[in-house]
Structures are given as structure tokens and as C-alpha cells.
Amino acid sequence: MKITVIGTGYVGLITATCFAELGNHVIGVDVDVEKLKKLRNGESPIYEPGLTELLKKNIKEGRLTFTEDSKEAVKESSIIYIAVGTPQADDGSADLSYLVSAIKHFAPAIDHKVIIVNKSTVPVGTGNYVKQLLIEENISEDLFAVVSNPEFLKEGSAVNDFMYPERVVVGSDKKEAAEVIAKLYGPLTDKIIKTNILSAELIKYASNGFLATKISFINEISNICDKVGANVREVAYGMGLDTRIGGKFLNAGIGYGGSCFPKDTLALIDIADKLNYEFKILKKVVEVNHDQRKVYYAKIKKELGDLKGKKIAVWGLAFKDNTDDVRESPALDIIPWLLNDGAEVFAYDPIAQENAAVLLPESVNYVKDAYDTLNDADALLIITDWKEFRQVNLSEIKKRLKTPLIIDGRNMYSRDDMDENGLTYIGMGI
Ligand SMILES: NC(=O)c1ccc[n+]([C@@H]2O[C@H](COP(=O)([O-])OP(=O)(O)OC[C@H]3O[C@@H](n4cnc5c(N)ncnc54)[C@H](O)[C@@H]3O)[C@@H](O)[C@H]2O)c1
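Just remember that our numbering sits 885 ahead of the position in the sequence shown, which is counted from 1.
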């Protein structure tokens, strides 16, 4: 198939590259010319395991090209994927301005039959809004079909998630269009769920809302564990063996961040609000998530007291492991709080330092080696659960820290190991 993918960010670039890998001819479109320059050279603008190899291979084999000219791309394609950002607007709703501008821009090039597929996470009803927009742009309804095909990939394992999906959701009011899009995924899975557009759009928000709920739920359980002396790891394990609950997303810690859960929970609350329905649980989920960062910070203050002049080592700036994405990362709250309270911060992240430096105050000191944050520090804070932090040399940590204190927002270590190495270990409900 000839496919155009509008937007080459985390989702669009994976979609474009993986569809090319499956043998389709794909044109990636973006408005960011710097990004396009990199992409044409086979360089990935984002860190995503396995992506660069696929990118280079498919460019070389002529199945993947990049352009800023969406009209030219659309002229050559029968399927147009939209994967632009839908960030949070000031009132919590999803900002559709990128989507609207992308559609208005390429619409005049629709002079042949096309399927317009929304991969961006968009409020329920956006598919119908897209139809309306195209009609307003004088595009005949006979020329286009709209499909909702939300994305469920996780940053850090995005290529794998795309290539081995647990399910694919295809929502459309036109059966033929749904068949064409379902067929694209044929080589990947037979778990293709066909729905109407509204259901497909809601499946995405409902899924993220539910996962966020699971996280906030276990975080509240961890706060209770702290009070009663139970261990949330044991509690979560015991809960998760019940297949009705499942063990995933029951890792207590500092709360969720990233480019999806924070904005998607707020957007779902907004969708409900606009229907005069108060989504009470989800409102609390958001509140609990915010508070969890404060719960973590309170532990720091409890251990260290006045932070003025204290030297703090911070491991992890990305919102999760295996990504350079720092959007809504807990580090973006915690570090400014530390600085405001007069602490000196030495930070390390294997991949996300550059992105974090754009958003954090200039006074943060970045170091190239995790252990170099520790020299003479009053505490080590773990903010991101990078795998490389799991296999650390605890005696080296003890040797370098001024105070042998680790405050772990991700519950990465065993207390026995800490005790053996003479380190004071504070976790979240453990
Ligand atoms: N990142 C994730 O893990 C993830 C997972 C599932 C779904 N989503 C959803 O997918 C969508 C995209 O997310 P993302 O993380 O890839 O965003 P992103 O910010 O990484 O990428 C968006 C890209 O779109 C480009 N763009 C903006 N306006 C454009 C236009 N008019 N024409 C062409 N390109 C344009 C931007 O320059 C950028 O490169 C969002 O709706 C998001 O909620 C994201």
C-alpha cells in the first residue's frame, strides 16, 4: 500500500517505519525541518530501541521517504495516517489544533479515493469532526473514509509493541475502509477489533484511564503500607496472581508521567464534563498521582530536614526507563522543589539529560557517569527505573555518598542488599 504518515514523532515515526518494514511504501511528513533532515540521513530524532536499524534499512530499500510537503505525499497515497500531537490545552481538553491544521493543509490534494486514519489520541467524536472539516474544505464524501486506529505502543518498547500488538482497534462507519486498514495489520496479528469510530476513540482513553487508575490505586495502597508496616511489593504480588486483577501496572512508586497518561486522563475527564457527567474516580486518580510526588518529597524532607546547602544526587530524568522523553516526568517537579529549598542537584540519566536540560533550571549539574553524582552527596534519589540502575555497585555507592541514604521512588532494590551494604533505604511502601 502507499501510505502517508503525518507527524513523525514517537507514534508517527514508529508507524511509518514499521509499515515500511512490512513492505508498504510510506512517506513520513512533518513540519519540523530539523527532524526531517535527520530522518533523511537515517538518524532517529528520538531514542527508541531497534528503531534506527529499521529506519536505515527501509530508507535504503526505498520504501520509506520523508517530506515536509503533505500535499505531494497525499497525492501519491491512498491511506493517510494522522499522528500529530494532541497535547493538553489549558482547560485540560485535548488540543486538536495540530490535527486541524494538518488536515486543512493536505485537504486540497484529495482528488482521488483516500482513507484518513486517526492514530493520534483524540476525543470521542473527532472522527465525525474530521469528516465535517473535509466537507467544509469542499472534499466530496465519495472521495474519503475516516477510520480511527488508536495506538497503544509504549515508549521504550515501541517497535516491539507495534510489531507484536496485543490488539489492534479499527473503528469506521465504512466497512470497506475498515477492511483495508485491518489488512495492513494482517501480518502482525489476528486480534483486530472492528468497532464504530466513537467506540474506537473511547477504547484508547478508557484504556489509559484504567491503567492510570491501577497505578494510583497501588500507590495509595503503598501509602497505607508505609503506615501499617506492610510491604507493597508483597501486597501487589499477592493481588496480581488473581487473574481478574493481573500483576502488571501494580508497581508502586512516585506516580505516572509521560506524554500520555497525564493528558489523556484530563482529556477523558473533560470529555465527561462536557457531557455533564462527572468522572469521579478519574478525578481522584489524577489528584492521587499529583500527591504521590509530594509523598515522595515529604520522605526526602523527613530524612534530610532543612535542604539548604545539601548536595543531592538524582538518578533518572526520563518519565520512565528506556526513553529520552521527559514530558511530565516526576523529575521536572522534584528537582525544582529541591532547588527552591536550597539544595544543590547533581543529576544523571543515561539518555534523557539533553531533553531534561531544556526544561529544568540552569543550576542543575549534569554528570556523565551515574557514580559521579554521588561524591559527597547527602542522599541518592532514584526517580526513573532504568535497568542499568538495578545492577549497581552498592559498596561503591556507600563509599561515595556522604550520608549512606537512598530514597527510591521506584522501589528498585532489595532491603536486604541495602542492609548488607550499610545503606539506609527508603522506598514507597516497602
Ligand atoms: N508517545 C506515546 O507513547 C503515544 C502512545 C500512544 C498514542 N500517542 C498519541 O499519538 C499522538 C502523537 O504523539 P507523539 O508522542 O508521537 O507526539 P510527538 O510530539 O512526539 O510528535 C508529533 C509530531 O507531529 C508533528 N506535527 C505537528 N503538526 C504537524 C503538521 N501540521 N503536519 C505534520 N507534522 C506535524 C510534530 O512536529 C511532531 O514531530 C498523540 O495524540 C498521542 O497522545 C502517543
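In this text, a Cβ means the ideal position worked out from N, Cα and C, and glycines have one as well.
Check: Would you give the residue range spanned by the beta strand (DSSP E) that L1266 belongs to?; Outcome: 1264-1267
Check: Could you please give the first and the last residue of the uninterrupted beta strand (DSSP E) stretch that includes Y1233?; Outcome: 1229-1233
Check: If you reduce the DSSP assignment to three classes, tell me which class F828 lands in.; Outcome: What is shown of the chain runs 886 to 1315, which leaves residue 828 out entirely.
Check: Are three or more beta carbon pairs between the stretch 985-993 and the stretch 918-938 nearer than 8 Å?; Outcome: no
Check: DSSP three-state call for G1114: helix, strand or coil?; Outcome: coil
Check: Mapping DSSP to helix, strand and coil, what is Q1276?; Outcome: coil
Check: For L1069, name the three-state secondary structure that DSSP assigns.; Outcome: helix
Check: Contact check, V999 vs S963 under 8 Å by CB: the rounded distance?; Outcome: 6 Å
Check: When the distance is taken between beta carbons, is Q973 closer than 8 Å to K1179?; Outcome: no
Check: For M1297, I'd like the list of residues in its chain whose CB is within less than 7 Å of its CB, leaving aside the five on either flank, ordered along the chain.; Outcome: I1267, D1270, F1274, R1275
Check: Would you mind sorting L1028 into buried or exposed? The rule is 16 or more other CB atoms within 10 Å of its CB.; Outcome: exposed
Check: Which residue's Cα is closest to the Cα of K1187: I1291, D1304, L1135, K1165?; Outcome: I1291
Check: Starting from the C-beta of T1288, find all residues in its chain whose C-beta is less than 7 Å away, skip the five residues before and the five after it, and write them out in chain order.; Outcome: D1263, A1264
Check: Return the Cβ separation of G1056 and V1032 in integer angstroms, given the expectation that the two are a contact with Cβ distance under 8 Å.; Outcome: 7 Å
Check: What did DSSP end up calling L1290 once you bin it into helix, strand or coil?; Outcome: strand
Check: In this structure, how does DSSP classify I1197 when only helix, strand and coil are distinguished?; Outcome: strand
Check: Residue range of the beta strand (DSSP E) that F951 falls in?; Outcome: 949-952
Check: Closer than 7 Å: is that where the CB of L1153 sits relative to any heavy atom of ligand 1?; Outcome: no
Check: Any heavy atom of ligand 1 closer than 7 Å to the beta-carbon of C903?; Outcome: no
Check: Going straight from the alpha carbon of L1019 to that of L1038, what length do you get?; Outcome: 28 Å
Check: For D1058, I'd like the list of residues in its chain whose CB is within less than 7 Å of its CB, leaving aside the five on either flank, ordered along the chain.; Outcome: N1081, I1082
Check: Grab the span of the beta strand (DSSP E) containing G897 for me, first residue to last.; Outcome: Note, G897: premise wrong, no beta strand (DSSP E); alpha helix (DSSP H) at 895-906.
Check: Looking at T1288 and ligand 2, is the gap between the Cβ and the nearest heavy atom below 7 Å?; Outcome: Only ligand 1 can be found as ligands here, which leaves ligand 2 out of the picture.
Check: Under DSSP, the alpha helix (DSSP H) around H1175 begins and ends at which residues?; Outcome: 1165-1189
Check: I1185 and V1230: beta carbons closer than 8 Å?; Outcome: no
Check: Determine the burial state of V1243: buried for a count of at least 16 other Cβ atoms within 10 Å of its Cβ, exposed for fewer.; Outcome: exposed
Check: Of all Cβ atoms in chain B, is any one closer than 8 Å to the Cβ of L1266?; Outcome: Although the question refers to chain B, the structure presented lacks it and comprises just one protein chain.
Check: Could you round the C-beta distance between M886 and L1069 to whole angstroms and report it? I think they count as a contact, below 8 Å.; Outcome: 7 Å
Check: On a Cα-Cα basis, can you pick out the residue from Y1182, V969, A1152, D1206 that is closest to V1171?; Outcome: A1152
Check: Quick check: K1283 and N1306, are their CB atoms within less than 8 Å of each other?; Outcome: yes
Check: Give every residue of the same chain whose Cβ lies closer than 6 Å to the Cβ of L1245, excluding the five residues on either side of it in the sequence, and list them in chain order.; Outcome: I1220
Check: Per DSSP, I1236 forms a beta bridge with which residues?; Outcome: Answer is none; I1236 lacks a bridge partner.
Check: Could you tell me the boundaries of the beta strand (DSSP E) in which K998 lies?; Outcome: Run containing K998: none; DSSP gives neither H nor E here.
Check: Can you find at least 3 beta carbon pairs, one from the stretch 1230-1240 and one from the stretch 1159-1166, that sit closer than 8 Å?; Outcome: no
Check: What ranges does the alpha helix (DSSP H) occupy inside the stretch 1058-1104, keeping only unbroken runs of at least 4 residues that lie completely in it?; Outcome: 1060-1069
Check: Got a sec: does ligand 1 put a non-hydrogen atom nearer than 7 Å to the Cβ of C1145?; Outcome: yes
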